[in-house]
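**Q** Sharing a structure, written as structure tokens. Questions coming.
Residue numbers (the numbering used here): 83 to 191.
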């Protein structure tokens, strides 16, 4: 992964990828295309947006976590359920583990 350190300190003090004018110009000079249309656009990263929406609505909003440790435990359990057990319409109501665990049959010899 390539990281550009902003040297101009314009509106930021970070030493990571900076989206200030000089950071964008540097990316364009290196041939990198910036794909985000705007902040928070779900169409730019729809799978991640959908995942986090599901976690928020199925875990965070319906539970009252007492402390950060309980929140972390709840999130770990929710992510594990989401990945291993939650049925998906796109997979014929199977969970990803069920769908991808079937043996692969060779098509041609």
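Cβ coordinates follow ideal geometry from the N, Cα and C atoms, glycine included.
#1: Quick one: residues in its chain with C-beta nearer than 6 Å to the C-beta of residue 182, no 5 flanking neighbours on either side, listed in chain order?
#2: Where residue 174 and residue 114 are concerned, what is the direct C-alpha to C-alpha distance, given to the nearest angstrom?
#3: Along the chain, where does the alpha helix (DSSP H) that runs through residue 150 open and close?
#4: What residue range is occupied by the uninterrupted alpha helix (DSSP H) comprising residue 185?
#5: Looking only at C-alpha atoms, which of 130, 185, 136 and 109 sits nearest to residue 168?
**A** If we stick to the structure as given:
#1: Counting only Cβ-Cβ distances below 6 Å, and skipping sequence neighbours, we find nothing.
#2: Cα to Cα, residue 174 sits roughly 38 Å from residue 114.
#3: It spans 150 to 166 - the alpha helix (DSSP H) in which residue 150 sits, taken as one unbroken run.
#4: Element bounds for residue 185: n/a, residue is neither H nor E.
#5: It is 136.
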